[in-house]
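Using the working numbering, read the sequence shown as starting at 17 and increasing by one per residue. Cβ atoms here follow ideal geometry from the backbone N, Cα and C, with glycine treated the same way. For reference, the structure is listed below as structure tokens.
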Amino acid sequence: MTTPTDIIATLPYLVGVPPDPGLVVLAMRGRGVHSAFRGDLDRLDAAGDPLKRAAAPVDTAASEGCTALVIVAYGPPERVTPYVDGLLSAARERALTVLDALRVTEGRYWSYTCGRAGCCPAGGTVVNVDSSTIPADAVLHGLVPVQPLHSAAGDAARVRALLEPVGGEERAAMDALAEKAEARARLMLERGMRGALTDRGLSAALAAVRAERSGRGITGREELAWLGTYLTETRVRDEMWARITAETAPAHQELWSRVARHLPRRLRAAPASLLAVAAWQRDDRALAAAALDAALTADPGYSMAVLMSRALAWGLPVERWREFTPRWLRERSEYPEE
């Protein structure tokens, strides 16, 4: 990639159709592209201010030994420039070189790093990928643009089945049981019994995961109501969060999907966030995104969902998920593995 046109022509072979509006960040190590991150602006907008959102891909690039970045933003300047500024600032803080930072808008590109009118005119430059040798070289090497993993229609139906709240008599019964469980939990807290509540919650949650992994998933209304109530205790939720691995993710996905569907909206943020982590572990980005949307609909400021949204919005690799769990929990937990 020697020109801006080459960079733009390369992206479909690295990330598929670039998001518009959105951003793509290429992390360079040596003379090649080590990793690529793409962020849909509509999702990034919900994940915090631009400076914080920009840190995730830059931190990942630095930790993996990359030394340079290439940034390409798609969309109008008023939307994408704050994000590009955030990426440039984060790169400076981590001593990463930005080889180029481009904006592509309505078929033309501009550079944020070049101010020379001779090569970067104020009116932009027409994007002409036909003038690049990248597509032809890709064909010669048997490469094709990255394709979506699932159809949008298929994803919508599958995700809806895993997240749609129960209705009718089941809804009424679950709402009543959830109110009773919450009232009993509040009484324990008023009596200074938070430790006992946490212990009971961990015991119940770990047992539920064990049952799910053995093929005996819990379906009792009272059990589901209590699990949702226990998850309002941050320690219980975080212990579950830290235990979601590639091996355990299928069981966690089934369990927390069922819990989230049965709970009233006010209790849905925690199980939906855990469902998102499990889906992310399985590289199911569509379900993870929908679960985070459900969590933030239930509680717009829910910190776990906001944090996970930042990671997911940039397509960070699942191998880095533990960096998004609470630090104290990564270092030590007094509770045994399930």
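On the three-pair Cβ rule with 8 Å, is the stretch 283-292 touching the stretch 246-258? yes
Can you give, in chain order, each stretch of the beta strand (DSSP E) that sits fully within the stretch 93-158 and has at least 3 residues? List check, beta strand (DSSP E) in window: 113-121 and 124-127.
Alpha carbon to alpha carbon, how far is Glu109 from Gly46? Give it in angstroms, no decimals. Taking the sequence shown and counting its residues from 1, one reaches residue 46 at position 30. Taking the sequence shown and counting its residues from 1, one reaches residue 109 at position 93. Distance between the alpha carbons of Gly46 and Glu109: 20 Å.
Proximity to Cys82 [Cα-Cα], best of Ala310, Gly102 and Val114: Here the question's residue 82 lines up with position 66 in the sequence shown. Of Ala310, Gly102 and Val114, the smallest CA-CA separation from Cys82 is found for Val114.
Determine the extent of the beta strand (DSSP E) in which Val49 is found, giving its start and end residues. The sequence position of residue 49 within the sequence shown is 33, counting from 1. Taken as a continuous stretch (DSSP letters only), the beta strand (DSSP E) holding Val49 covers Gly48 to Asp56.
contact_flag[the stretch 311-323, the stretch 175-185] where n(CB pairs < 8 Å) is 3 or more: At 8 Å Cβ cutoff, the stretches do not touch.
How far does the alpha helix (DSSP H) with Ala262 in it reach, from first residue to last? On the sequence shown, residue 262 is found 246 positions in, with the first residue counted as 1. Note, Ala262: premise wrong, no alpha helix (DSSP H); not H, not E.
Where Arg259 falls, given that 16 or more other Cβ within 10 Å makes a residue buried: As a working mapping, residue 259 is identified with position 243 in the sequence shown. Burial call: buried.
Reduced DSSP category for Arg45 - H, G, I as helix; E, B as strand; rest coil: Here residue 45 corresponds to residue number 29 of the sequence shown, with the count starting at 1. Three-state DSSP puts Arg45 in a strand.
For the candidate residues Glu80, Lys68 and Leu112, whose alpha-carbon lies nearest to that of Ile87? Along the sequence shown, read from residue 1 onward, the residue named residue 87 stands at position 71. Answer by Cα proximity: Leu112.
Check whether the stretch 316-326 touches the stretch 202-213, counting contact only when three or more Cβ pairs, one atom from each stretch, lie closer than 8 Å. no
Could you tell me if Gly134 is buried or exposed, where buried requires 16 or more neighbouring beta carbons within 10 angstroms of its beta carbon? Residue 134 sits at position 118 when you count from the first residue of the sequence shown. Per the 10 Å Cβ criterion, exposed.
Cβ neighbour criterion (16 or more within 10 Å) applied to Thr129: As a first step, residue 129 must be located in the sequence shown, where it is residue number 113. So Thr129 ends up on the exposed side.
Below 8 Å on the Cβ atoms is my contact criterion, and I expect Val275 with Gly244 to pass it. Report the Cβ-Cβ distance as a whole number of Å. Taking the first residue of the sequence shown as position 1, residue 275 is located at position 259. Taking the first residue of the sequence shown as position 1, residue 244 is located at position 228. Their Cβ separation, rounded to whole angstroms, is 6 Å, which keeps Val275 and Gly244 in contact under 8 Å.
Please classify Val142 as buried or exposed, where buried requires at least 16 other C-beta atoms within 10 Å of its C-beta. To locate residue 142, count along the sequence shown from 1; it is residue 126. The residue is exposed, with fewer than 16 neighbouring Cβ atoms inside 10 Å.
Cβ distance (whole Å) where Arg226 is taken to contact Lys68 below 8 Å: If you number the sequence shown from 1, residue 226 lands on position 210. If you number the sequence shown from 1, residue 68 lands on position 52. Separation of the CB atoms of Arg226 and Lys68 is rounded to 37 Å, and the pair is thereby denied contact status at 8 Å.
Cα-Cα separation between Ala307 and Leu323, rounded to whole angstroms: Taking the sequence shown and counting its residues from 1, the one referred to as residue 307 is at position 291. Taking the sequence shown and counting its residues from 1, the one referred to as residue 323 is at position 307. Spanning the two alpha carbons is a distance of roughly 13 Å.
By DSSP, does Ile23 sit in helix, in strand, or in coil? The residue given as residue 23 occupies position 7 in the sequence shown. DSSP, read as helix, strand or coil, puts Ile23 in helix.
By a C-beta neighbour count over all protein chains shown, 10 Å radius and 16 as the cutoff for buried, is Asp102 buried or exposed? Your numbering for residue 102 matches position 86 in the sequence shown. Note that residue 102 corresponds to Gly in the displayed sequence, not to Asp. Gly102 comes out buried.
Alpha carbon to alpha carbon, what distance is there between Ile234 and Leu60? On the sequence shown, residue 60 is found 44 positions in, with the first residue counted as 1. On the sequence shown, residue 234 is found 218 positions in, with the first residue counted as 1. Whole-angstrom Cα-Cα distance: 35 Å.
Proximity below 7 Å, CB of Ser105 to CB of Leu118: Here residue 105 is taken as the residue at index 89 of the sequence shown, counted from 1. Here residue 118 is taken as the residue at index 102 of the sequence shown, counted from 1. The answer is no: Cβ separation not under 7 Å.
So what does Tyr90 bridge to, in DSSP terms? If you number the sequence shown from 1, residue 90 lands on position 74. The partner list for Tyr90 (beta bridge, DSSP) reads Gly38 and Val120.
Please report the distance separating the alpha-carbon of Leu222 from that of Arg301. Numbered from 1 along the sequence shown, position 206 holds the residue referred to as residue 222. Numbered from 1 along the sequence shown, position 285 holds the residue referred to as residue 301. Approximately 26 Å between the Cα atoms of the pair.
Counting only runs of 4+ residues fully inside the stretch 194-240, write out the alpha helix (DSSP H) ranges in chain order. Runs found: 210-229.
Pick helix, strand or coil for Leu85, following the three-state DSSP scheme. Counting from 1 along the sequence shown, the entry for residue 85 is found at position 69. Correct three-state label for Leu85: strand.
In terms of residues, what are the limits of the alpha helix (DSSP H) holding Leu67? By 1-based counting over the sequence shown, the position of residue 67 is 51. Leu67 -> alpha helix (DSSP H) spans Pro66 to Ser79.
Where His278 and Leu247 are concerned, what is the direct C-alpha to C-alpha distance, given to the nearest angstrom? Taking the sequence shown and counting its residues from 1, one reaches residue 278 at position 262. Taking the sequence shown and counting its residues from 1, one reaches residue 247 at position 231. Approximately 14 Å between the Cα atoms of the pair.
CA-CA distance, Gln297 and Glu198? Along the sequence shown, one-based indexing puts residue 297 at 281. Along the sequence shown, one-based indexing puts residue 198 at 182. Computed Cα separation, rounded: 31 Å.
Give the single residue among Val145, Asp116 and Ala220 whose Cα lies nearest to the Cα of Gly123. Working through the sequence shown from its first residue, we reach residue 123 at position 107. Closest option to Gly123, Cα to Cα, is Val145.
Apart from the five residues just before and just after Met190, which ones in its own chain have a Cβ nearer than 8 Å to its Cβ? Stepping through the sequence shown from its first residue, residue 190 is reached at position 174. These residues qualify, in order along the chain: Val182, Arg237, Leu240, Ala241, His278, Leu279 and Pro280.
CB contact flag (Val40, Leu27, <7 Å): Here residue 40 refers to the residue found at position 24 of the sequence shown. Here residue 27 refers to the residue found at position 11 of the sequence shown. It is a contact, given that the beta carbons lie within the stated cut-off.
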